[in-house]
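K.L.:
Residue numbers (the numbering used here), protein chains in the order written: chain G, 1 to 487; chain B, 1001 to 1686; chain E, 2001 to 2225; chain Y, 3001 to 3314.
Where a beta carbon is used, it is the ideal one built from N, C-alpha and C, also for glycine.
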């Protein structure tokens, strides 16, 4: 029952805002719908925690601890982002960068986007999963080009084409999956249900699944932003409105990776390789490592703050992919933890960056100086967020990096030099660029009125807490999820 | 396993509570102070009191450390941390000793800070008082941690807190640069440590429990991987301790911080790295090949000489002290290497001797370096001037500071009967005992290495004469801004405490060594016997045998004092005490003025001349018509150019290369995914 | 359907024929310079697809395939080509510049791709449960060819048509090789495609009014300096 | 024990009293060698007496450190003289400080002298201090190496034990000691401000090292310093004797040997002083920048001595 709320509310919100969105209180309505979604998600989560995995609508939806935790995360970040976007978009509008109609488009597609992601997470049908992923892309394309500047158009175009092509590959992978499945499960609806596939995964034809996984990995991997398929990501993040950058980084990438993981489980089953040394695991480790290194070196060259943090998202997604690739209880646990931490931290950073760029009137980092003098809260938010994302304890990102790196050192020592170099370069680059933005003298004006930094500090507070103390039920939940991923 | 506090907070101590619980309580106290600080902006008075509270906590911590040193090891598990890996804390003799060090030095410094921070503007003070107790707590936790995660968290919190303290006045670009360099190298070092722990994790790998030190202790380690772990640890801890060539951040960061913080960083934080080295290589690793020791010894000696040479040519007093910290760390690490050598060679007693020496030196350095930074800080506070070229004659304006600093200077210069001499004496004794070793080449090389230590010690004297002479003696080299005020009472008390430490540690070596015994027993299963024989035992120090070598600072001091008094009395009785004041003579040269004294550069000139090869000198020769010419010769180390610049360039080149990937043409991006797809298809179906 | 495995019935032979036709059209698109011609070819491809789907539906009694056939007809043969014709006329962009790789080379690469695709597909199609399994290789080939076409075209519309052609290939794989995905999925996919085209339409106008041209070389500003 | 303490005190006093005599003797010899009319051998005593009677003149802003330093220096030298066996070999005080501590004592005195020199803030003062510290930081390790060689031979850093091992065990030729001896001579010339490093009788300020440091001193303070200098020379000579020609020093608890020991001491001192003056007469002062090379050589010789010990004597 909760499930229908979870999916229905944002959908309804989308339609409602499409009709009424240009009114004065659209932002509040937007936030309200997100809040309701969050509540519904909370109820759903509570139910899963006590009852364990459930099937809804005779197997069309399947919720286990893996995706319910992503549902909760998505709903939460969606809500905080809506809170943040309220004053942010208002300021944008005052600056005359946006019109009422575009705000209407923004608000409704925002809700649709959330709905699509929640659907992708909860559906049991690999085909629907694909459909909703594509839907999520389409919902955000027009948001990326919201400002109608040449740059934003270009970014949106690249986003559309590259992700479209990528997702097409994913569809082919899905077809191959079906192709292999219908022999065992017979044609018709059930053959694409993940639970059924999972049940018979040992009998699935290995060679077909290998091919299928390649297509799925390339397809969804494009959306995860794995190098060298990542090229749309920095543009889209840099040119779209900041709330969208936040949800793209914080949520969409997770959902795409979720899709990859669902398929990985099946492939591992078919090839009989559970513990990471299978073909799927190796591919993911390879992509992950490559992404980490490439991203780290690209970060070094950035001059645009949002672009830089976009690359840092690629880096962290690479790290998570690497962790999942390694497999095993600790690594998968760490991967899930890192997903959470990255979503919370990165969105918090984008919130802070958003206001920073607003007060500086530019996204160029040379233009942003000495935030801590004029807007202390923004300054501290950015500083702490950066420190957190760079994996400095006691923030939670460190906890997952600690587990990932030590495990890697134990199981795949060859990989650690790359990780060491990449982390070092990334740290030097990001921190070296953020420090002068936060510290030092400045000529920046204050923001017209109090920015909404509550979300920033809520997120950072959570990250800090999870670095020092993971509540037991959350931990169990992670453990079950890790077990599902073949830990 | 002792009891776990409800929610980790000790409401009231049960009668059977162990030292480690008290230690945890102390940490919580500091954390509470830190948490309270931002809310005290309104209540300036309370805020100004915070350092004093820190000092109290430190004093308690010292007592707890002492207890932990003498009591059997105790441990607790905190109710938080990672899900299956809650924070493990353990207080054994080794931790106890370093906790004692932290507490004792921290007490003096914090007392000093009470006065030093008094004049700060409220907002800044609130920030400082947020990070300062956090810094103390972080260091304490590093020493107490008993699992890899807790250790790393504490380690980085320590680094982070100190970073924010270093960048207290971040308006100055140099300070920002220093802070950045510091945090960067600290972080890279931390990642190295992470990898080291990754190698060390033992027991059931893949279980969280594998990260506890207990599991690491009884994991069996392949020699190769053990060596990998050791090298990683040496790199990581060396980066924190300022071991050449990872030292570049130290001379930048330590001077940049407010003086009490510099004192803590040099005096205590560097020791946590030494603690880590000892913990990992003697406690966690259970094999120690000899070549580790040789490596550490070489590194240590190079560091010692490098540091002291550069200290001699500095012209900024805090930078000079920072370089001298590098020297002392070098000496300590050399002792560490020697310990490893003896240990690997099965010479337990000798290992105990060197271990004692290095622990002793660590203890000493905490005191005199804290004292010196405090003194320098007082001068800086009074004159607002760090460049020695503009100072001088401070002893007339601030006698307290001057005389107390003199004690520190003499101590660090390794002069009897103060504490610096004792540890160096022990170390040299150890060097002289190497002929027992099995490898002949070591026998030959090591006494020569002793020469390097001797050289470093002698140069240290040079450095300190320069430091004290230029800053405190002679005439002010530049007009003094306003009227100079002597350091206030809290500062004086803090410095008094530290100075007392220098003197007492110098005068009672037998007792101190007895105090160190549990640690040496813990790490080498051996203790240093003081074979001074019964009655003389309490004043005579004879580490190996009284035949071999002995030293009794008390007698020493007594004789000097007696002779001194006798001579004085005799001169006054037999002759007279008449004296009259006049202008200085200086060979009758009339136009005598202050600018004719040696400047800091001038005093360092001979050293610069001799060791020209090591350094890159940037000279500013004044223009001939300048009425008040100022010569500036800034000697920086070449290592920056030779080692770090190339790395930076390489990274830049690589990123330029990678940057080509992202050149904007969508067709190319499509080609990437296309090629990737084809490649993978070929790859899986090959 | 086991009795069909012995000999391929005529309808299914027609399906194979259409498959060949599909491949042929893909090649033709690869070589086509003019945008209008491209649209026509795209429409023909759609037609072939619809027809083959219908035949498969009729001969295997998979009724839901009729829906997808109808969908294909409606969307890819009528709606989209019409839409694109109008677009081209409105924006008057009926000249394609020289593609990034010249035509002959593209052809050669295309042939290589086809061989590759067949080699990839044969081992799989052996184990397929369906009779029309051989078409899988062709589907894969046309997907790759469409991909290639997207790479070589330097203008917005041809690229999009390439994208849709790829969709066609996928559709063909779905219908002929596996007798169609579950209906929900098919509908969902169709919906997505429709929305995609709609969004693209909006895009074209935005791009047009910003850059007054649909030439992609105006859109290479976002890069690493 | 009591006899020991008596011996200790007498030896120390003896050293303090005899030191100026040695200084006088050296000056006399040098005067002869230079063909000048020699001052009487007791000249140093007269100088001291004169200085003690004078009124001290102290610069206006001299700090207490300036007035305290001479006493400190003198006390250090007295202690040093106390622990070097001159007559007899059992010294109750000697356990208080071994050779390493002895180096420490010298260093302590030197640092105080240098600081005192910088206290007034005159150009020559700081110049002298800098040069003194330069010379010392090169000389000190060399001296330590010399001691190390000796103590590696005798397996101890206690002077009495060393003397015991060298003088009262069966006679062995130690090649390493030959190197050490040369190094020791070079070091002691440097440490005692003699030619070729420094010239005690110079009046050319720019070449001064030691003299430059005490320019501001007068009267009793100067007297104490001069006396300390003499004492230092005496102690170094005694050291040289103890390390390289220890024969004749009375073994522990053998009072009968004392007169003989006294004679031996006087003889050795006479010869040593003459030798020193001879060397000073024939050699010229090197430029200050050459001093590092000179002392570096000393250091090298000492190290060579130690290595020869490992090669030939272990």
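1) Among the candidates G:61, G:93, G:484, whose CA atom is the shortest distance from the CA of residue 324 of chain G?
2) For the region 311 to 328 of chain G, enumerate the residues whose C-beta is nearer than 9 Å to any C-beta of chain D, in chain order.
3) Measuring CB atoms only, is the region 1264 to 1274 of chain B touching the region 1225 to 1245 of chain B, in the sense that at least three cross pairs come out at less than 8 Å?
4) Looking at residue 3148 of chain Y and residue 3023 of chain Y, is the spacing between their C-beta atoms short of 8 Å?
5) Should residue 428 of chain G be flagged as near chain B, meaning a C-beta pair shorter than 8 Å?
6) Relative to the C-alpha of residue 298 of chain G, which residue among G:230, G:351, G:338, G:265 is closest?
7) Please list, in chain order, all residues of the same chain as residue 956 of chain B whose beta carbon is under 7 Å from its beta carbon, the five residues on each side excluded.
8) According to DSSP, is residue 3228 of chain Y part of a helix, a strand, or is it coil?
9) Helix, strand or coil for residue 123 of chain G, going by three-state DSSP, please let me know.
10) Quick one: what's residue 1635 of chain B bridged to in DSSP?
11) Between the beta-carbon of residue 3114 of chain Y and the beta-carbon of residue 1465 of chain B, is there less than 8 Å?
12) Please list, in chain order, all residues of the same chain as residue 1345 of chain B whose beta carbon is under 7 Å from its beta carbon, the five residues on each side excluded.
13) With 7 Å as the C-beta to C-beta threshold (strictly closer), list the residues of the region 1332 to 1358 of chain B near chain E in chain order.
14) Looking only at C-alpha atoms, which of B:1096, B:1445, B:1552, B:1495 sits nearest to residue 1074 of chain B?
15) Nearest to residue 356 of chain G by CA position, among G:379, G:32, G:344, is which residue?
16) Please list the partners that residue 1547 of chain B has in chain Y, where partner means a Cβ-to-Cβ separation under 9 Å.
17) Given this structure, state the Cα-to-Cα distance separating residue 1067 of chain B from residue 1016 of chain B, to the nearest angstrom.
18) Can you list, in chain order, the residues of its chain with a C-beta nearer than 7 Å to that of residue 482 of chain G? Leave out the 5 residues immediately preceding and following it.
19) By the DSSP assignment, the alpha helix (DSSP H) with residue 1020 of chain B in it spans what residues?
20) Quick check on DSSP: helix, strand or coil for residue 2215 of chain E?
21) Evaluate residue 1280 of chain B with the Cβ neighbour count: other Cβ atoms within 10 Å of its Cβ, from every protein chain shown; 16 or more gives buried, anything less gives exposed.
22) Apply the 10 Å Cβ neighbour rule to residue 1006 of chain B and answer buried if 16 or more other Cβ atoms are within range, or exposed otherwise.
23) Please classify residue 3076 of chain Y as buried or exposed, where buried requires at least 16 neighbouring CB atoms within 10 angstroms.
24) Between the C-alpha atoms of residue 1400 of chain B and residue 1478 of chain B, what's the straight-line distance to the nearest angstrom?
25) Residues in the region 3195 to 3209 of chain Y with C-beta within 9 Å of chain B's C-beta atoms, listed in sequence order?
26) I need the DSSP call for residue 56 of chain G, collapsed to helix, strand or coil.
27) Just how far apart, CA to CA, sit residue 2157 of chain E and residue 2015 of chain E?
28) DSSP on residue 1001 of chain B, reduced to helix/strand/coil?
29) Beta carbon of residue 1027 of chain B, beta carbon of residue 1159 of chain B: below 8 Å?
30) Does DSSP put residue 2001 of chain E in a helix, a strand or coil?
31) Rounded to whole angstroms, what is the Cα-Cα separation between residue 1114 of chain B and residue 1403 of chain B?
32) Using beta-carbon positions only, say whether residue 3162 of chain Y and residue 3286 of chain Y come within less than 8 Å of one another.
33) With a threshold of 8 Å between beta-carbons, can residue 306 of chain G be considered close to chain B, or not?
34) With a threshold of 8 Å on Cβ separation, who are the neighbours of residue 1248 of chain B within its own chain once the five nearest residues in sequence on each side are excluded?
35) Output yes or no for whether 8 Å exceeds the beta carbon distance between residue 3142 of chain Y and residue 3298 of chain Y.
36) Given a cut-off of 8 Å on the beta-carbon distance, is the pair residue 3101 of chain Y and residue 1551 of chain B in contact?
P.N.:
Looking at the atomic coordinates:
1) If you number the first chain from 1, residue 324 of chain G lands on position 324. Comparing Cα positions, the closest option is G:484.
2) In the structure shown, chain D does not exist; the protein chains are G, B, E and Y.
3) yes
4) Here residue 3023 of chain Y refers to the residue found at position 23 when the fourth chain is read from its first residue. Here residue 3148 of chain Y refers to the residue found at position 148 when the fourth chain is read from its first residue. Taking 8 Å as the Cβ cut-off, residue 3023 of chain Y and residue 3148 of chain Y do not qualify as a contacting pair.
5) Position 428 of the first chain holds residue 428 of chain G. Answer yes: the Cβ-Cβ gap between residue 428 of chain G and chain B drops below 8 Å somewhere.
6) In the first chain, the residue the question calls residue 298 of chain G occupies position 298. Its Cα nearest to that of residue 298 of chain G, the residue G:230 stands out among G:230, G:351, G:338, G:265.
7) Beyond the ends of chain B as shown, which are 1001 and 1686, falls residue 956 of chain B; an answer cannot be given.
8) For the purposes of this step, residue 3228 of chain Y is taken as residue 228 along the fourth chain, with counting starting at 1. In this structure, residue 3228 of chain Y counts as helix in the three-state DSSP scheme.
9) Translated into the one-based positions of the first chain, residue 123 of chain G becomes position 123. If DSSP states are grouped into helix, strand and coil, residue 123 of chain G belongs with the strands.
10) As a working note, residue 1635 of chain B is residue 635 in the second chain. DSSP lists B:1617 as partners of residue 1635 of chain B.
11) For this step, residue 3114 of chain Y is matched to residue 114 along the fourth chain. For this step, residue 1465 of chain B is matched to residue 465 along the second chain. Yes, the Cβ-Cβ distance between residue 3114 of chain Y and residue 1465 of chain B is below 8 Å.
12) Along the second chain, one-based indexing puts residue 1345 of chain B at 345. Excluding positions up to five away in sequence, the list reads 1290, 1437, 1438.
13) none
14) In the second chain, counting from the first residue as 1, residue 1074 of chain B sits at position 74. Selected option, being the one with the closest Cα: B:1096.
15) Numbered from 1 along the first chain, position 356 holds the residue referred to as residue 356 of chain G. Cα-wise, what sits closest to residue 356 of chain G is G:379.
16) By 1-based counting over the second chain, the position of residue 1547 of chain B is 547. Those within 9 Å of residue 1547 of chain B in chain Y are 3155, 3156, 3158, 3161.
17) Numbered from its first residue, the second chain carries residue 1067 of chain B at position 67. Numbered from its first residue, the second chain carries residue 1016 of chain B at position 16. Looking at the two C-alpha atoms, the distance is approximately 14 Å.
18) Sequence index remark: in the first chain, residue 482 of chain G carries index 482 (1-based). The residues are 329, 332, 333, 336.
19) Within the second chain, numbered from 1, the residue matching residue 1020 of chain B stands at position 20. It spans 1019 to 1036 - the alpha helix (DSSP H) in which residue 1020 of chain B sits, taken as one unbroken run.
20) Taking the first residue of the third chain as position 1, residue 2215 of chain E is located at position 215. Reduced to three states, the DSSP call for residue 2215 of chain E is strand.
21) Taking the first residue of the second chain as 1, we reach residue 1280 of chain B at position 280. The residue in question, residue 1280 of chain B, is buried, as its Cβ has 16 or more Cβ neighbours within 10 Å.
22) The count along the second chain starts at 1 and reaches residue 1006 of chain B at position 6. Confidence in residue 1006 of chain B is poor, its pLDDT being 42 and thus under 50, which makes the residue's placement unreliable; the coordinate value appears in the next sentence. Exposed, by the Cβ-count rule.
23) Indexing the fourth chain from 1 puts residue 3076 of chain Y at position 76. So residue 3076 of chain Y counts as buried.
24) Counting from one through the second chain, the residue named residue 1400 of chain B turns up at place 400. Counting from one through the second chain, the residue named residue 1478 of chain B turns up at place 478. Straight through space, the alpha carbons of residue 1478 of chain B and residue 1400 of chain B are spaced by roughly 22 Å.
25) 3205
26) In the first chain, counting from the first residue as 1, residue 56 of chain G sits at position 56. In the structure shown, residue 56 of chain G sits in a strand (DSSP, three-state: E or B).
27) Reading the third chain from its first residue, position 157 is the one you call residue 2157 of chain E. Reading the third chain from its first residue, position 15 is the one you call residue 2015 of chain E. If you take the alpha carbons of residue 2157 of chain E and residue 2015 of chain E, they lie about 30 Å apart.
28) As a first step, residue 1001 of chain B is located in the second chain; it is residue number 1 there, counting from the start. At residue 1001 of chain B the pLDDT is 35, less than 50, meaning the model places this residue with poor confidence; the figure from the coordinates comes in the next sentence. Note: residue 1001 of chain B maps to coil in three-state DSSP.
29) Against the second chain, residue 1027 of chain B aligns to sequence position 27. Against the second chain, residue 1159 of chain B aligns to sequence position 159. It is not a contact, given that the beta carbons lie outside the stated cut-off.
30) The residue labelled residue 2001 of chain E in the question sits at position 1 within the third chain. Confidence at residue 2001 of chain E is low in this model, with a pLDDT of 38, below 50, so the placement of that residue should be treated as unreliable; the coordinate-derived value is given next. In this structure, residue 2001 of chain E counts as coil in the three-state DSSP scheme.
31) Position 114 of the second chain, counted from the start, is the residue given in the question as residue 1114 of chain B. Position 403 of the second chain, counted from the start, is the residue given in the question as residue 1403 of chain B. Taking C-alpha positions only, residue 1114 of chain B is separated from residue 1403 of chain B by approximately 21 Å.
32) Here residue 3162 of chain Y corresponds to residue number 162 of the fourth chain, with the count starting at 1. Here residue 3286 of chain Y corresponds to residue number 286 of the fourth chain, with the count starting at 1. Their beta carbons are not under 8 Å apart, which means residue 3162 of chain Y does not touch residue 3286 of chain Y by this criterion.
33) Stepping through the first chain from its first residue, residue 306 of chain G is reached at position 306. By this cut-off, residue 306 of chain G is not an interface position.
34) The residue labelled residue 1248 of chain B in the question sits at position 248 within the second chain. Closer than 8 Å at Cβ, skipping near neighbours: 1181, 1185, 1637, 1639, 1640, 1644.
35) Residue 3142 of chain Y sits at position 142 when you count from the first residue of the fourth chain. Residue 3298 of chain Y sits at position 298 when you count from the first residue of the fourth chain. It is a contact, given that the beta carbons lie within the stated cut-off.
36) Here residue 3101 of chain Y is taken as the residue at index 101 of the fourth chain, counted from 1. Here residue 1551 of chain B is taken as the residue at index 551 of the second chain, counted from 1. Closer than 8 Å, so yes.
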